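Asker:
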Amino acid sequence: FKVTSSDPADLLATAEVALHSVSLSPECFHAALVLTSCGASGAHGPTQQDCDQSYDQKDLVSVWESGQFNGIQSWTVPETMVYRIQAAGAKGGRGNNDGDVFAGSLGSSVVAKFKLYKGEKLYFLIGQTGEDSCL
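Be aware that the sequence shown starts at 1, since it is given in the UniProt record's numbering, and climbs by one per residue.
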C-alpha cells in the first residue's frame, strides 16, 4: 500500500508514505456499554423503569424486582465475540470495632477479556459507596 502526495504549487516536490501493515482489530471499533445503578441508592436496587430511563434504551437490561435478588440487572449477549469487561468497586463505609473507627476501603477495579456467546446472560449487582456503621 502506497500513498503519494504532490504539492500543487511545485510539481517537482512529492512525498511518499509506505505502510507495512494495518491492524483493524475489533477492539478498535467497539461499542461501549456502561451499566450503572440507574439512579437508585440505599439498600434497594433499581426498577426496570429506572434502568430504561437511565440507559435511554428500553430493555437493554432486565431488572429483577422481587425477592432477594431485587435490583440485579441481567444483560443478554447480542453477538458471539471477545468482550472486554471493566468492573470498578465503590469505596466502602467506615466501620467500628469496639470503639476503634476504621476507614472503609478505597474500592478497586479489574479489567479482563472473555469470549461470550450469543444468548448468554450476565448478571450485575451494581451499588454505590458503602454506608458508615453506627460510629
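From the three backbone atoms N, C-alpha and C, an ideal C-beta is built for every residue, glycine too.
From a predicted model like this one, the values you see are computed outputs, not experimental measurements.
#1: Less than 8 Å between the CB atoms is what I'm expecting for C134 and N97, so what's the real figure, rounded?
#2: Taking the runs of the beta strand (DSSP E) that are 3 residues or longer, which of them lie wholly in the region 79-125?
#3: Just to confirm my understanding: we take Y83, look at its own chain, exclude 5 residues before and 5 after, and list those with CB closer than 6 Å. What are they?
#4: Excluding the five sequence neighbours on either side, which residues of its own chain have a C-beta within less than 6 Å of the C-beta of G89, listed in chain order?
#5: In angstroms with no decimal places, state the Cα-to-Cα distance between V111 and L33.
Answerer: On the basis of the data shown:
#1: Here C134 is actually not in contact with N97; their C-beta atoms are around 12 Å apart, not less than 8 Å.
#2: Correct list: 81-88, 95-97, 100-102, 109-116, 121-124.
#3: The beta carbon of Y83 sits closer than 6 Å to the beta carbons of F114, L116 from its chain, once the five residues preceding and following it are set aside; these are given in chain order.
#4: Taken in chain order, the residues that qualify are G107, S108.
#5: Each residue's alpha carbon lies about 14 Å from the other.
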